[in-house]
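Notes follow once the structure below has been shown.
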Amino acid sequence: MSNVDVLVAGGGGFIGGHLVADLVKQGLSVRSVDIKPIDEWYQVHEGVENVVADLSLRENAFAQTEGAREVYMLAADMGGMGFIENNKALCMLTVNTSTHMLEAAKAAEVERYFYSSSACVYNGSKQTDPNITALKEEDAYPADPEDGYGWEKLFSERMARHFLEDFGLQTRVARYHNVYGPEGTWTGGREKAPAATCRKIAEAVISGHHEIDIWGDGEQTRSFMYVDDCVKGSQMFLKGDSPIPVNLGSSELISINDLYTMVEGFAGIKCKRNYQLDAPQGVRGRNSDNTLIKEIYGWEPSISLLEGMEKTYRWVYDQVKAAQG
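In structure tokens:
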């Protein structure tokens, strides 16, 4: 296996595709690995060692990590709330990938190892009110994360910490908060709220049928981070000196109802809303407390939701239009 500056595990995914693009722009040599066939990758970049491999298999993890100086571990079986709530075992099985990649990074003596954790690790009792108190890093304990997906992320965070303590592997951990943007999943059941919102409004515009379904009562709140901020922050964490898990998310809180209103504004329409109260909707409120990231890095995600959602809507609209021929 050839030597490369960076291995991106999950490089065929949404965030991975944007990260690889940025690394290439910096002139770095990149190996991008994903389980999906190449024609299903979100982005495929020229001048990159693009590999289709299942990193949950130990031999593949070792083979693909060999010769890499730094590793970004983004590979995971995941999606939006509907997918997470209905595929808990699949989400937990990502622990195989997380474990084997850590073992492989140790064996390959990589210089830096970045692990993408999630705000789903946070204690559920702290997220029962839409008027959420922003989540601090310490709120992950006592542990009561999102069932399935959140438990796997929290366990793998701990394992990254112990690989640092016991073996000296320089692990860095970010807790991603709801990343969105163009070139992401927008249909099929794995899409997250921003893309689903954009798709439903785009479909309403194109069909002329101004009526939409919303999961829950729409009063649940979230913060959403534009993908460019995620890519910048992830690299900052990897290069930084702090080994503790840190929030990587926007602190701009919005309700799902207001998110729909925002996108309706881009589209120039108003839709009748049908609330599906028995649909998966996750916690009532979740927001990122950015005290620690500002303290450690002097920075926080700052691309406004208005700016990011407008770009995302324009992109999703084009996809919907193209898909309908």
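Per this note's numbering, the very first residue in the sequence shown carries number 1; after that it's consecutive. All C-beta atoms in this analysis are idealised placements derived from N, C-alpha and C, irrespective of residue type, glycine included. The model shown is predicted, which means the values in this text are computed figures rather than measured ones.
Check	Outcome
Environment of Arg314 [buried if 16+ CB atoms lie within 10 Å]	exposed
Pick from Ala140, Leu164, Pro130, Arg112 that is closest to Glu219, judged by C-alpha positions	Pro130
Close beta carbons around Val263, own chain, < 8 Å, minus the five adjacent residues each side	Thr197, Cys198, Ile201, Met309, Tyr313
Range covered by the alpha helix (DSSP H) that runs through Phe114	Phe114 -> not in any alpha helix (DSSP H); beta strand (DSSP E) instead, spanning 112-118.
Selection from Met81, Val95, Phe114, Ser98 that minimises the alpha carbon distance to Cys120	Met81
Integer Cβ distance of Val173 from Glu157, believed to fall under 8 Å	5 Å
Endpoints, the beta strand (DSSP E) within which Gln276 is located	272-276
When Leu55, Gly282, Gln319 are compared against Arg222, the one with the closest alpha-carbon	Gly282
Whole runs of the alpha helix (DSSP H) within the stretch 218-276, excluding any shorter than 4 residues	227-239, 256-267
Reduced DSSP secondary structure (H/G/I, E/B, other) of Arg284	coil
In DSSP terms, what Tyr149 is bridged to	Partner(s): none; Tyr149 has no beta bridge.
Proximity to Glu49 [Cα-Cα], best of Val20, Gly298, Gly285, Met225	Val20
Rounded straight-line distance, which links the Cα of Tyr113 to that of Leu238	7 Å
Burial state of His209 (16 or more Cβ within 10 Å)	exposed
Beta-carbon contacts of Asn86 that lie in its chain and below 8 Å, excluding the five residues immediately before and after	Pro280
Tyr275, buried or exposed, once every other Cβ within 10 Å from all chains shown has been counted against 16	exposed
8 Å contact criterion, which Ser255 and His177 should meet: CB distance rounded	16 Å between Cβ atoms; not a contact.
Own chain partners of Leu154 with C-beta closer than 8 Å, once the 5 adjacent residues on each side are dropped	Ser117, Val121, Ala140, Ala143, Pro145
Residues bridged to Ile35 (per DSSP)	Paired residues: none, contrary to the question.
Local conformation of Ala195 per DSSP, three classes	helix
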